[in-house]
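Asks:
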Amino acid sequence: MPPVQSPNLNNPEAEVKKPRRSLWPVAIGVAVLILLAGWWFLWRSAWQELKALPDLSSYESTRTLAQEELSSLKKLNDDFSKLSANDRQRLDLALPHGQDLPNLLAQLEGIAEATGFIINEIGFTEEREVPTTPVAVEATTTIVSPVTEAKKLTVQFSIQGGDYIDLKKFVNEVEQSLRLMQLTALSFTAQQAGSTGAVYTLSLRTVYLTN
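Start counting the sequence shown at 0; every next residue gets the next number (numbering that gives the first Met the number 0).
Given below as structure tokens:
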């Protein structure tokens, strides 16, 4: 067995060898930093575009709303198929296909005559609807825009002949008529002495189907 060498205490200048430190952890850390920096520069633009996308929750709420609307339309279609012929005829009078101005004029003239008025002037204005963008519910579902749409028609006219009590009767008869009509404006102009009653100017809103 070889003898164990003891440190040379008599030679203070003797060099003591220190163990080498491993450089692998430092190299691995530098490599990781380089990879992270490269990943960030490569994907930064894509990440910014992803962050700029709208919130997915808004699409989910829109899809849910569209599904509820489709369910309501399906129920209405089922209810309509159960109507009798008489009920469908009354529905056609209340919500006609097309403006149906002759019947509308006939109803207003009949109401005016029954309440003691005459119609002086009358005009019609179609209200324009703001177009909306269709929303896709699901990738496997195709939403077809309905062929039939409801549009609004404004009717402006003046009547003369009756008093205030007669005017209340006229308005009540208009709102209770078969054709769906809603009073939106009312004004009057007093007549000179010797004239028959005041002149009342009314504005009504009704709806009709395009097809």
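Glycine included, each C-beta is placed from N, C-alpha and C at the ideal position. Treat the numbers as computed from the prediction; the structure is a model and nothing was measured.
#1: By Cβ distance, which residues of its chain are closer than 7 angstroms to GLU68, with the 5 residues on each side in sequence left out?
#2: Report yes if the C-beta distance between SER176 and GLN106 is below 7 angstroms; otherwise report no.
#3: Just how far apart, CA to CA, sit LEU90 and VAL198?
#4: According to DSSP, simplified to helix, strand and coil, what is ALA197?
#5: Leaving out five residues on either side along the sequence, give the residues of the same chain with a beta carbon under 6 angstroms from the beta carbon of ILE158.
#6: Considering only the beta carbon of each residue, do GLU126 and LYS151 sit closer than 7 angstroms?
#7: Does ASP99 pass the burial test, meaning 16 or more other C-beta atoms within 10 Å, or should it be called exposed?
#8: Would you kindly check if the distance between the Cβ of PHE156 and the Cβ of ILE121 is under 7 angstroms?
#9: Residues bridged to ALA149 by DSSP?
#10: Which residue or residues does DSSP assign as beta-bridge partners of SER186?
#11: Specify, as a first and last residue, the run of the beta strand (DSSP E) that GLU120 falls within.
#12: Can you list, in chain order, the residues of its chain with a C-beta nearer than 7 angstroms to that of THR183? Leave out the 5 residues immediately preceding and following it.
#13: Since PHE156 sits in a beta bridge, which residues does DSSP pair it with?
Replies: Considering the structure as presented:
#1: Closer than 7 angstroms at Cβ, skipping near neighbours: no residue.
#2: Judged by their CB atoms, SER176 and GLN106 are nearer to each other than the 7 angstroms cut-off.
#3: If I take the Cα positions, the gap works out to 33 angstroms.
#4: Correct three-state label for ALA197: coil.
#5: So the qualifying residues of the chain are ALA111, PHE116, ILE118 and TYR199.
#6: Yes, Cβ-Cβ distance for GLU126 and LYS151 is below 7 angstroms.
#7: The residue in question, ASP99, is buried, as its Cβ has 16 or more Cβ neighbours within 10 Å.
#8: By the CB criterion at 7 angstroms, ILE121 and PHE156 fall inside the cutoff.
#9: LEU208.
#10: DSSP lists THR200 as partners of SER186.
#11: 117-125 is the span of the beta strand (DSSP E), which, as asked, contains GLU120.
#12: Correct list, in chain order: SER202, LEU203 and ARG204.
#13: In the DSSP assignment, PHE156 is bridged to ILE121 and LEU201.
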